[in-house]
Amino acid sequence: MYHELSEHILSGEFDIDFAAPALGQSGTYTSELRDPDGKPVGTVHGTYRLAMNRPGDGELMAHIIERIELTDGELHVDAWSTWAGLAAGDTLYCPVTGVSGAHLGRQGFREWRPVDPGKVAFARIGFFQRPTP
0 MYHELSEHIL SGEFDIDFAA PALGQSGTYT SELRDPDGKP VGTVHGTYRL
50 AMNRPGDGEL MAHIIERIEL TDGELHVDAW STWAGLAAGD TLYCPVTGVS
100 GAHLGRQGFR EWRPVDPGKV AFARIGFFQR PTP
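Heads up: the sequence shown runs through residues 0 to 132, numbered per numbering that gives the first Met the number 0.
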């Protein structure tokens, strides 16, 4: 598990009109994951797109895809969130799948919450216990 990480935005581009977000607007980002001592432990490469209005209530939904490169393997994130929740700084929980290295085939979660929006976020990655043969 990777607990109590900080995530520092290194770069990003977006075409989202924050005053009037609309379908099709999107963004990309690269950030660095650091342990509590400030040591880099990984890099996040992500994209998000305002992809649909949720059936039933019309809430604008963002589709998020991330590739997380850790020192001991790579992870994939594919998740959905309400745009209002992301913009408000709510905690985001996403499923994560290990795609290489020590985490190949592992399933778990990624937790993310902005601390200083657009600059630094709290991050955590956890894995579910592997089944015993």
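Where is the CB? At the ideal position from N, CA and C, for every residue including glycine.
Nothing here was measured: the structure is a model prediction, and the numbers come from that model.
Supposed contact pair residue j and residue i - C-beta distance, whole angstroms, cut 8 Å
{"i": "W111", "j": "E6", "result": "7 Å"}
{"i": "T29", "j": "V43", "result": "7 Å"}
{"i": "A122", "j": "L9", "result": "Going by Cβ atoms, the distance from A122 to L9 rounds to 14 Å, so no, they are not a contact pair."}
Among the options, the one whose alpha carbon lies nearest that of residue i
{"i": "G23", "options": "I8, H2, R48, G117", "result": "R48"}
{"i": "E66", "options": "T46, R33, F127, E12", "result": "The amino acid at residue 66 is misidentified as Glu; the sequence shows Arg. Among T46, R33, F127, E12, the Cα nearest to that of R66 belongs to T46."}
{"i": "Q106", "options": "D14, G26, I64, V76", "result": "V76"}
{"i": "G11", "options": "S25, A19, A18, P20", "result": "S25"}
{"i": "R94", "options": "E31, I15, I63", "result": "The sequence given here places Pro at residue 94; Arg does not occur at that position. When only C-alpha atoms are compared, the closest one is I63."}
{"i": "R129", "options": "G104, A120, A18", "result": "G104"}
Close beta carbons around residue i, own chain, < 8 Å, minus the five adjacent residues each side
{"i": "G88", "result": "R112, P113, P116"}
Contact set for residue i: own chain, Cβ-Cβ below 6 Å, skip 5 residues either direction
{"i": "M0", "result": "G125"}
{"i": "D71", "result": "G100, A101"}
Sequence-distant residues of the same chain with beta carbon closer than 7 Å to residue i, five excluded per side
{"i": "F127", "result": "Q106, G107"}
{"i": "D34", "result": "L4, V40"}
> Can you list, in chain order, the stretches of the alpha helix (DSSP H) that have 4 or more residues and sit fully within the region 8-80?
Replying inline: none
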